[in-house]
Amino acid sequence: MANLKGLASIVSELTVERTNLANQLKHVDAALSVLGKLNGGSSHTKPRRTLSASARRRISLAQKARWAKRSANDQAGKMRPKRIMSASARRKIAAAQRARWAKVRAEKAA
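Every number in this note's numbering is 2 more than the matching position in the sequence shown, counting from 1.
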């Protein structure tokens, strides 16, 4: 019988907690509705326009044509050639990088 009394108290506590949560949800819903009205009158996203099947097909075919044109250009060697850096430019960049690392090492040693 002692277990049943303890169980009854647990059930009553859970019921109280449930009502508190329900009240909090009502407050959150009210706040959301107020904020939704401030945001132009609707609290949901606008529906997207629907396209007909033929319109989707035309868009799809146009995109595939663009891809085919691009890949045809790539196959024909009309891609941009890679830019080649001169030897003197590479030496300058390497020297600058060595100077930066020397500075870092000097700061660590100090």
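Note that CB positions come from ideal geometry on N, CA and C, so glycine has one too.
This structure is a prediction, so every number in the text was calculated from the model and none was measured.
{"Item": "Roughly how many angstroms lie between the CA atoms of TRP103 and ALA97, to the nearest whole one?", "Value": "10 Å"}
{"Item": "Per DSSP, what kind of secondary structure is SER54 in: helix, strand or coil?", "Value": "coil"}
{"Item": "Helix, strand or coil for THR47? Go by DSSP, reduced to three states.", "Value": "coil"}
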